[in-house]
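I have placed the structure first, in the form of structure tokens, so that the comments after it can refer back to it.
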Amino acid sequence: LELNQSFSATPCAPHPSRYEQCIEYQERKSETHILHHLNDQIMNPSVLEDCPVCHNFQPELEENTKRDSHSRLWNVGYHRKIPINAAGEAGFSIEVKVTEARNQASNGCNGCMLLYQGYLQCLEFTPNALKDENRMYIIVRSAPGQAMNCSLRAPLARPRCARNWGDFQILAVDDWYLSWVQECLENHPKCQRPSAMPTRLIDLGEDDKAVMCLRDDVNQIAPYIALSHNWHFSEARKSMTLKENYESRKRFIPQQGLSQTFHDTIKVTRWLGVRYLWIDTFCIIQDDPDDWAQQASQMGDIFEGAYITIAAHSGLDSSPTDGCFLERKSVREVGLPDGNGDQFSAFIIYRGYRGSDLHDLDNGPSLMRRGWCVQERLLSPRILHFRPWEVSFECFTRRHCECQKLSLGITDGGNMHEPKSLLGDAFHISAHGQELNGNDYRYAWDSIVNIYCTADLTVPTDRLAALSSLVQRMPRQIFGDYLAGLWSKNLISELAWSTGEFGRYFRYQQYVAPSFSWASIHGGAVMIDRGRYFKGAEHKACALDAGTVPATHDPWGQFKKASFTCDCEFVKLNSY
């Protein structure tokens, strides 16, 4: 049987696929509501009765609820047909032999066709996989409201053991991204922020035929999208707003020559039905130091007031031409008729078999390795993360992803969401005049510093400026006055930071921060666990005075110098 031959459905060719496909499909789909799962789409009763494989996708059937102790994955030739309630009352887990799925697919079963397409998708990414379809099994796990999670496995010689050759998911397209945003807007009180319009915005017009221009006169409150992205200077130079082109851009911004990321962001913004867009490359006059300093001090207000922030992540081998959708070679679109005969798209997504958590935004080749993006993520009420393997959503209250692992709490998605949630609580509680828990917020600040210390900055002197807006929002009743990365209320304990792993840090050549601040070094700075080491401790030093001299009009950004005076004892230091 050749690939795709004899199938009644029309699977798309396995070409490199983009998130753009999902958006284009949602634009062209009919009014028929498409569920998040496939059970009611392809697994309708008429199909289930005709296919011996899909028949087992009905956990409620009495004959499918008894465990067959003789059916084992590792006994070649057996096919276990017993649903188990692994994902709730309606959940099930079934073993399907690849040859069975293939045979039923050739007979016109859409459900088996998707399973077999998933198998072929795995083979594309694991060329060394076992090719004997008689010995390969697909483990299917599903529940209403979830994607079908599938694993491709083969038995080993050792009893009760099998090798995993890869994982894939099957899901139907829905307005997931919009539903995540709508849920946040309607049900999350601490995610609501007073919106203040930025100084400048890109006006996309009322439709895709309108002239795009830069505006500095949008005074009426309106939703806008903000972009968080990596700077590729070779591409950014072509798009920068400078003194010489500022006036002309207020009339017209040509789209020719823009990077793919900017093109993709414009398309997503229009798809979301939003007219205004904020991108730092365009909305800050890049060769005007005064304008840059002023806009940098307002960065927190800009991202905090955004309707949605689009985070354009990059992979290890990314380039400026990737765009924010990125190439998704692991996605295959399949067109199918549903139970009513209407066409819809299902997507098969190869997930691989990796030990690391692909939902962790804090580590690896992530956009969050860029210093400015740490603040942008923490302050944005709603973020759509476009990553190489899937889209995820994050707000102060919840997180979602296409595979539902974040939604179901199967994975936590990294360390930064906890301080982000605490910041959301602080903003919400302060607005209602309630008392804050100081220990929680000191812990949140230390966590932010530990993450931020290893982030990269194109301009080293931005070290403190890139946290300025976040600093402005830290509750003064807990922290006191700001001192170039430290706080006056706990200054002595604030000085107890270390350089972490030996050799993983360096000091900047130019002045960035005073030497007593963690901000004076790059990489490896770690705040001491105060709750563990300082509980019941007696301070032998006392801070008497402290002061800073800002380098710009922003008192929380860059500093010319900083100093403090303390009363303490001297001890002899033995060097080794």
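Counted the way UniProt numbering counts, the sequence shown spans residues 1 to 576.
Virtual Cβ for every residue (Gly too), placed ideally from N, Cα, C.
Asked	Found
Helix, strand or coil for Cys184 per DSSP?	helix
Can you grab the Cα-Cα spacing for the pair Ile349 / Ser93, in whole Å?	19 Å
Regarding Gln510 and the ligand ZN, is the C-beta to nearest heavy atom distance less than 7 Å?	The ligand content of the structure shown is nil, which means the ligand ZN is not present either.
For Phe168, which residues of its own chain have a beta-carbon under 7 Å away from its beta-carbon, when the five flanking residues on both sides are left out?	Gly118, Gln121, Cys122, Cys150, Ile348, Ile349, Tyr350, Arg351
For a quick check, are the C-beta atoms of Ala562 and Thr548 less than 8 Å apart?	yes
Looking only at its own chain, which residues have a Cβ that is under 6 Å from the Cβ of Cys112, when we skip the five neighbours before and after it?	Val53, Ala101, Gln104, Ala105
Using only CA atoms, which one of Ala455, Val449, Thr99 lies nearest to Trp518?	Val449
Expressed to the nearest angstrom, what Euclidean distance is found between the alpha-carbon atoms of Ile170 and Asp264?	25 Å
According to DSSP, is Met240 helix, strand or coil?	coil
Measuring straight from C-alpha to C-alpha, what distance separates Ala312 and Met527?	29 Å
Determine, using beta carbons only, whether Cys542 and Cys395 come nearer to each other than 8 Å.	no
Nearest by alpha-carbon distance to Glu206: which of Arg270, Ala496, Ser179 is it?	Arg270
Starting from Ala543, follow the alpha helix (DSSP H) in both directions and report where the run begins and ends.	Counting along the chain, Ala543 falls outside any alpha helix (DSSP H), though it belongs to the beta strand (DSSP E) covering 542–550.
Helix, strand or coil for Asn450? Go by DSSP, reduced to three states.	helix
Over the uninterrupted beta strand (DSSP E) stretch that includes Met148, give me the two end residues.	148–155
Using 8 Å as the threshold, is the segment 285–302 in touch with the segment 188–204, meaning 3 or more CB pairs across them?	yes
Keeping to the same chain, check which residues put their C-beta closer than 8 Å to that of Arg249; ignore five residues upstream and five downstream.	Cys213, Leu214, Thr241, Phe282
What is the residue span of the alpha helix (DSSP H) that Ser469 lies within?	468–472
Between Arg370, His522, Phe393, Arg463, which lies nearest to Trp231 when the distance is taken from Cα to Cα?	Arg370
How is Gly485 classed by DSSP in three states: helix, strand or coil?	coil
Taking its Cβ as the centre, do 16 or more other Cβ atoms sit within 10 Å of residue 583, making it buried, or is it exposed?	Residue coverage of the chain in this structure runs from 1 to 576, which leaves residue 583 outside it and unanswerable.
If you follow the alpha helix (DSSP H) that Cys395 is in, where does it begin and where does it stop?	Note, Cys395: premise wrong, no alpha helix (DSSP H); beta strand (DSSP E) at 391–395.
Which term fits Arg237, buried or exposed, when burial requires 16 or more other beta carbons within 10 angstroms of its beta carbon?	exposed
In this structure, does DSSP put Arg399 in helix, strand or coil?	strand
In whole angstroms, give me the CA-to-CA distance for Lys243 and Asp288.	7 Å
So, at 6 Å on beta carbons, what are the nonlocal neighbours of Ser228 in its own chain, with the 5 sequence-adjacent residues on each side left out?	Thr309, Ala311, Cys373, Glu376
Find the nearest neighbour of Arg463 within the set His522, Glu390, Ile383, Pro381, judged by alpha-carbon distance.	His522
Mind checking which residues open and close the beta strand (DSSP E) that includes Glu333?	331–337
Over the uninterrupted beta strand (DSSP E) stretch that includes Arg141, give me the two end residues.	137–142
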